[in-house]
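Numbering (our numbering), first residue to last: 4 to 299.
We put the beta carbon where it would ideally sit given N, CA and C, even for glycine.
Below is one structure; the comments refer to it alone.
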Amino acid sequence: MNWLDYFTPVEFTSTIQSNSNFRLLRDDCDDEQLNQAKRAWNISQRQSKEFRSEFGRTFQVDTDKQRFFVIHEPLINERKERSMPLLVFYHGLNSSAWYCALARTNWSKLSAQYNFLVVFGQGQGTFYDCGPIRDQHGHLTFGDLYWEVESPQSDFHYLETILNYMKTKYSDVLDTDRIYFMGYSNGALFSWNVAVYYGGQTFAALCNHCGGFGGRYNEEKMLQAGNIRAVLPIYILTGTDDAYKESCLKAQELFQSVKCPVILEIMENRGHSYYMDKEEFVWTQFFLKHRRCSQL
Numbered sequence: 004m005n006w007l008d009y010f011t012p013v014e015f016t017s018t019i020q021s022n023s024n025f026r027l028l029r030d031d032c033d034d035e036q037l038n039q040a041k042r043a044w045n046i047s048q049r050q051s052k053e054f055r056s057e058f059g060r061t062f063q064v065d066t067d068k069q070r071f072f073v074i075h076e077p078l079i080n081e082r083k084e085r086s087m088p089l090l091v092f093y094h095g096l097n098s099s100a101w102y103c104a105l106a107r108t109n110w111s112k113l114s115a116q117y118n119f120l121v122v123f124g125q126g127q128g129t130f131y132d133c134g135p136i137r138d139q140h141g142h143l144t145f146g147d148l149y150w151e152v153e154s155p156q157s158d159f160h161y162l163e164t165i166l167n168y169m170k171t172k173y174s175d176v177l178d179t180d181r182i183y184f185m186g187y188s189n190g191a192l193f194s195w196n197v198a199v200y201y202g203g204q205t206f207a208a209l210c211n212h213c214g215g216f217g218g219r220y221n222e223e224k225m226l227q228a229g230n231i232r233a234v235l236p237i238y239i240l241t242g243t244d245d246a247y248k249e250s251c252l253k254a255q256e257l258f259q260s261v262k263c264p265v266i267l268e269i270m271e272n273r274g275h276s277y278y279m280d281k282e283e284f285v286w287t288q289f290f291l292k293h294r295r296c297s298q299l
């Protein structure tokens with residue numbers, strides 16, 4: 004039994020008509036994923052907004068802009084003598100930080116195995132009051148939730164809030180030379196902005212998963228590779244059937260043009276979905292091989 008199965012989903016009948024303005028393709032999700040999404044949403048509705056498991060403690064931090072982020076910390080007290088890396092993870096379009104923390108990814112489990120902190124960012128926008136539903140295409144959605152790719156200033160401020168909070172709260176254990184960023188889909192397209200605006204001054208390495216550069220956005224309104232502040236290693240992960248494969252190929256070309264070390268992996272017969280089976284490889288064979296240069 005999955006540990007989320009211990010929580011009973013809220014029963015509801017949705018009358019919400021989904022927004023027909025789709026910024027990106029969404030994942031196909033089976034019924035079990037919808038049930039997991041409801042369970043994760045139930046946990047997020049608790050007054051404490053906290054969950055404890057064998058993998059550690061997962062909890063919500065509210066910001067001053069009616070936004071929040073979710074932190075997962077492994078059992079730190081037992082390993083306090085070791086410095087801890089940090090992974091910042093940004094979800095895809097219309098998804099949820101809590102869902103990614105508790106069901107959609109394996110990062111909480113891996114953080115306990117490899118002793119690192121994880122922050123799951125929450126895109127701006129509005130949640131459905133009743134919790135997650137399926138849209139008219141049968142795709143899982145928590146509301147109108149997104150990262151602003153063309154005008155990223157408010158999301159930059161949000162990211163700085165996350166980083167400042169983590170550096171303060173975990174000042175005794177956080178290794179600031181091993182802070183990594185990963186974005187999926189809409190979050191991956193936003194990761195382009197992170198690479199250009201922050202780059203190696205802040206992050207040791209970055210993973211862009213099924214996003215690349217541009218997509219269906221106006222490329223002229225996006226940050227340009229030539230303005231990158233400091234190069235950093237970048238891992239681009241896509242599939243042969245991913246609608247954003249060409250965007251990923253373009254990102255590879257542009258990042259390489261400014262001397263970023265880039266690895267591009269195109270997986271056979273994979274579409275626009277989250278490749279959970281690649282997480283451990285990305286962590287051990289990519290992220291952990293890179294440290295930020297402190298003098299930057």
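TODO: Could you tell me whether the region 170–184 touches the region 130–140, where touching means 3 or more Cβ pairs closer than 8 Å?
DONE: The region 170–184 is not in contact with the region 130–140.
Task: Ordered list of alpha helix (DSSP H) runs contained in the region 145–195, each at least 4 residues - done: The qualifying runs are 156–172.
Open item on the list: Considering only DSSP beta bridges, list what phenylalanine 130 is partnered with.
Closed with: Within the sequence shown, residue 130 is the residue found at index 127, counting from 1. Partner(s): Gly146.
Task: Identity of the residue in Arg295, Asn38, Arg60, Arg55 nearest threonine 179 by Cα - done: Stepping through the sequence shown from its first residue, residue 179 is reached at position 176. When C-alpha distances from threonine 179 are compared across Arg295, Asn38, Arg60, Arg55, the shortest belongs to Arg295.
Open item on the list: Once DSSP output is grouped into helix, strand and coil, what is the label at leucine 209?
Closed with: Here residue 209 is taken as the residue at index 206 of the sequence shown, counted from 1. Here leucine 209 sits in strand by DSSP.
TODO: Kindly indicate which three-state DSSP category aspartate 67 falls into: helix, strand or coil?
DONE: Position 64 of the sequence shown, counted from the first residue, corresponds to residue 67. The answer is coil: DSSP assigns aspartate 67 none of H, G, I, E or B.
- [ ] Note down, in chain order, each residue of its chain lying with its Cβ closer than 7 Å to the Cβ of isoleucine 269, except the 5 sequence neighbours on either side.
- [x] Working through the sequence shown from its first residue, we reach residue 269 at position 266. Taken in chain order, the residues that qualify are Thr241, Gly242, Thr243, Lys248.
TODO: Flag this pair as yes or no: are the beta carbons of phenylalanine 72 and alanine 40 separated by less than 8 Å?
DONE: By one-based count along the sequence shown, residue 72 stands at place 69. By one-based count along the sequence shown, residue 40 stands at place 37. In this structure, the beta-carbon distance from phenylalanine 72 to alanine 40 does not fall below 8 Å.
Task: Residue range of the unbroken alpha helix (DSSP H) whose run includes glutamate 256 - done: Taking the first residue of the sequence shown as 1, we reach residue 256 at position 253. According to the DSSP assignment, glutamate 256 belongs to the alpha helix (DSSP H) that extends over 248–260.
- [ ] Whole angstroms is fine: what's the gap from asparagine 97's alpha carbon to valine 176's?
- [x] On the sequence shown, position 94 is the one that residue 97 refers to. On the sequence shown, position 173 is the one that residue 176 refers to. So the alpha carbons of these two residues sit roughly 33 Å apart.
Open item on the list: Assess contact between the region 220–237 and the region 251–262, defined as three or more Cβ pairs (one per stretch) separated by less than 8 Å. Is contact present?
Closed with: Contact between the region 220–237 and the region 251–262 is established, with three or more Cβ pairs separated by less than 8 Å.
Task: Residue from Cys210, Ile266, Glu223, Cys251 with nearest C-alpha to leucine 90 - done: Position 87 of the sequence shown, counting from 1, holds the residue named residue 90. Residue Cys210 is the option with its Cα nearest to leucine 90.
Open item on the list: Using the Cβ count rule (16 or more neighbours within 10 Å means buried), how would you classify serine 250?
Closed with: For the purposes of this step, residue 250 is identified with residue 247 of the sequence shown, where counting begins at 1. Buried, by the Cβ-count rule.
Task: Cα-Cα separation, asparagine 227 to valine 199 - done: Stepping through the sequence shown from its first residue, residue 227 is reached at position 224. Stepping through the sequence shown from its first residue, residue 199 is reached at position 196. For the sequence presented, residue 227 should be read as glutamine rather than asparagine. If I take the Cα positions, the gap works out to 7 Å.
TODO: Take the Cβ of methionine 87 as the centre, count every other Cβ of all protein chains shown within 10 Å, and call the residue buried at 16 or more, exposed below.
DONE: Indexing the sequence shown from 1 puts residue 87 at position 84. Label assigned to methionine 87: buried.
Open item on the list: Give me, in chain order, the residues of the same chain whose beta-carbon lies closer than 6 Å to that of glycine 126; leave out the 5 immediate sequence neighbours on both sides.
Closed with: As a position in the sequence shown, residue 126 is number 123, starting the count at 1. Excluding positions up to five away in sequence, the list reads Leu148, Tyr149, Trp150.
Open item on the list: Could you check whether the region 128–135 touches the region 105–116, counting it as contact only if at least three pairs of C-beta atoms, one from each stretch, sit closer than 8 Å?
Closed with: No, because fewer than three Cβ pairs between the region 128–135 and the region 105–116 fall closer than 8 Å, the two stretches do not touch.
Task: Range covered by the alpha helix (DSSP H) that runs through isoleucine 46 - done: Start at 1 with the first residue of the sequence shown, and residue 46 comes out as number 43. Where isoleucine 46 is concerned, the enclosing alpha helix (DSSP H) stretches over 34–47.
Task: Distance between glutamate 222 and arginine 26 (C-alpha atoms, nearest Å) - done: Taking the first residue of the sequence shown as 1, we reach residue 26 at position 23. Taking the first residue of the sequence shown as 1, we reach residue 222 at position 219. Low local confidence applies: a pLDDT of 36 at arginine 26 is under 50, so the model's placement there is unreliable, and no value is given.
- [ ] Under 6 Å Cβ to Cβ from arginine 60, same chain only, skipping five residues before and after it: list those, please.
- [x] In the sequence shown, the residue the question calls residue 60 occupies position 57. Within the same chain, Cβ atoms closer than 6 Å to the Cβ of arginine 60 are found at Glu76, the five residues on either side in sequence being excluded.
Task: Through-space distance from leucine 37 to glutamine 63, alpha-carbon basis - done: By 1-based counting over the sequence shown, the position of residue 63 is 60. By 1-based counting over the sequence shown, the position of residue 37 is 34. Answer to the nearest angstrom: the Cα atoms are 21 Å apart.
Open item on the list: With the cut-off set at 8 Å, would you say asparagine 189 and glycine 95 are in Cβ contact?
Closed with: Stepping through the sequence shown from its first residue, residue 189 is reached at position 186. Stepping through the sequence shown from its first residue, residue 95 is reached at position 92. In this structure, glycine 95 lies closer than 8 Å to asparagine 189 by Cβ.
- [ ] Rounded to whole angstroms, what's the CA-CA distance from glutamate 153 to tyrosine 173? Just pull it up for me.
- [x] Position 150 of the sequence shown, counted from the first residue, corresponds to residue 153. Position 170 of the sequence shown, counted from the first residue, corresponds to residue 173. If you take the alpha carbons of glutamate 153 and tyrosine 173, they lie about 32 Å apart.
Task: DSSP-derived helix/strand/coil call for phenylalanine 58 - done: Numbered from its first residue, the sequence shown carries residue 58 at position 55. In the three-state scheme derived from DSSP, where H, G and I count as helix and E and B as strand, phenylalanine 58 is classed as coil.
Task: Minimum length 3: unbroken beta strand (DSSP E) runs contained in the region 71–127 - done: The qualifying runs are 71–76, 87–93, 120–124.
TODO: Could you name the residues that DSSP lists as bridge partners for leucine 240?
DONE: Numbered from 1 along the sequence shown, position 237 holds the residue referred to as residue 240. According to DSSP, which records beta bridges pairwise, leucine 240 is partnered with His212, Glu268.
TODO: Could you tell me if aspartate 280 is buried or exposed, where buried requires 16 or more neighbouring beta carbons within 10 angstroms of its beta carbon?
DONE: Residue 280 sits at position 277 when you count from the first residue of the sequence shown. The residue is exposed, with fewer than 16 neighbouring Cβ atoms inside 10 Å.
TODO: Leaving aside the five residues before and after glutamate 283 along the sequence, list all residues of the same chain whose C-beta is less than 7 Å from its C-beta, in chain order.
DONE: Taking the sequence shown and counting its residues from 1, the one referred to as residue 283 is at position 280. Cβ neighbours of glutamate 283 beyond the five flanking positions: Leu113.
Task: Own chain residues within Cβ distance below 6 Å of alanine 233, not counting five before or after - done: Mapped onto the sequence shown, residue 233 falls at position 230. Excluding positions up to five away in sequence, the list reads Gly202, Gly203, Gln204, Leu299.
TODO: Taking only the alpha-carbon atoms, compute the straight-line gap between valine 197 and phenylalanine 159 and give it to the nearest angstrom.
DONE: Looking up residue 197 in the sequence shown gives position 194. Looking up residue 159 in the sequence shown gives position 156. Cα atoms of valine 197 and phenylalanine 159: separation of roughly 8 Å, rounded to the nearest angstrom.
Task: Distance CB(valine 261)-CB(glycine 214) smaller than 8 Å - done: Against the sequence shown, residue 261 aligns to sequence position 258. Against the sequence shown, residue 214 aligns to sequence position 211. The beta carbons of valine 261 and glycine 214 sit no closer together than 8 Å.
- [ ] Measure the C-alpha to C-alpha separation of threonine 164 and threonine 66 and round it to an integer number of angstroms.
- [x] Counting from 1 along the sequence shown, the entry for residue 164 is found at position 161. Counting from 1 along the sequence shown, the entry for residue 66 is found at position 63. Straight-line Cα distance between these residues: approximately 8 Å.
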